[in-house]
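Heads up: the structure comes next, in structure tokens.
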Amino acid sequence: MQTKITLGYLGFLPFAALTILPWILGETYEEISFQLLVVYGGIIISFLSGIIWGIDSTNQKNLVIAIIFSLMGFGSILLASINLIYAMTLLFFLFFLFYLLESKVNPQFTNPDYLKLRKNLTTGVCGCYMFSIVILIY
């Protein structure tokens, strides 16, 4: 379990870094930083949806839902070139909804350490998107 915790938090670092990078380097890097935040989020939500395949590949409904999450993650990457706010809003909701889905289908959610990890990561990622959206709006 310790390896999952360590890798999970290491995987969060790019979300945090890309969110605060414009504050450190200046507004010049805002757009590229947030575009990379969307690309990374789209990749991660696709990766996470693969968890559903590994849990129970006989449940067709969950497999279809997992594919939808992957495709919407890819869609968010495409959307970023048109509207970053919409792309980040989509990812905000995808991460939140995936957490809800995973909490229902993943038996690891009975492990308090895993539950805490996933709750912290989802809250952190959603917070990064919310913060970035606010920065873009104002």
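Numbering (my numbering), first residue to last: 1219 to 1356.
Each residue gets a CB set at the ideal place from its N, CA and C atoms; glycine is no exception.
Computed from a prediction, not measured in an experiment: that's the story for all the values here.
How big is the Cα-Cα spacing for residue i and residue j?
i     : j     : result
S1275 : Y1356 : 44 Å
D1331 : T1246 : 40 Å
L1254 : V1282 : 27 Å
A1298 : T1221 : 32 Å
I1303 : I1223 : 30 Å
K1322 : I1242 : 39 Å
Y1258 : L1231 : 11 Å
L1339 : Y1317 : 10 Å
Would you say residue i and residue j are within 8 Å of each other, going by their C-beta atoms?
i     : j     : result
L1319 : F1252 : no
S1294 : A1284 : no
G1260 : G1291 : yes
L1315 : V1256 : no
L1335 : F1327 : no
L1312 : F1287 : yes
V1352 : F1233 : no
I1273 : N1324 : yes
Put residue i into one of helix, strand or coil per three-state DSSP.
i     : result
D1274 : coil
I1300 : coil
G1258 : The question names Gly, but residue 1258 is Tyr in the sequence shown. Correct three-state label for Y1258: helix.
Y1317 : helix
G1244 : coil
N1338 : helix
Y1356 : coil
M1290 : helix
M1166 : Nothing can be reported for residue 1166, as the shown portion of the chain is limited to 1219 through 1356.
N1324 : coil
N1329 : coil
Would you mind giving the Cβ-Cβ distance between residue i and residue j, rounded to the nearest angstrom? I have them listed as a contact below 8 Å.
i     : j     : result
N1280 : I1270 : 5 Å
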